[in-house]
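Residue numbers (this note's numbering): 6 to 134.
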């Protein structure tokens with residue numbers, strides 16, 4: 006059985022081939038140990054099966070290490086993206102706050118100028134009286 010995993014970061018495809026370790030697939034199903042020569046053949050077949058299973062276990066260890074490495078990279082990438090997004094939002098908030106303060110100061114200075122402009126005619130009237 007083969008499984009294909011699509012990795013989203015680099016769009017790489019990882020292929021994992023599962024080994025069917027049933028007795029018939031490692032060729033030790035019909036072994037006989039009754040005769041002396043059959044025993045040697047059986048031992049050789051068992052040794053070969055052990056080597057095959059050990060080799061497959063090593064491949065699964067490599068698959069596991071590769072998947073853990075990919076998982077760690079994806080976790081780091083997600084954390085970096087989240088941190089970057091937060092910094093962008095914070096920067097946008099600071100920019101918006103600066104713009105709000107600027108507009109507020111302009112509004113207040115405009116109101117103060119209007120108040121002074123309204124007092125000017127009254128001052129002239131007082132001088133004329």
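Don't be surprised by glycine CBs; every beta carbon is placed ideally from N, CA and C.
- Just so you know, the alpha carbons of residue 36 and residue 58 end up roughly 18 Å apart.
- Going by beta carbons, residue 24 and residue 73 fall outside the 8 Å limit.
- In this structure, DSSP gives residue 33 a state outside helix and strand, which the three-state scheme calls coil.
- For residue 17, the three-state secondary structure derived from DSSP is strand.
- Residue 31 is classed as buried because its beta carbon has at least 16 other beta carbons within 10 Å across all chains shown.
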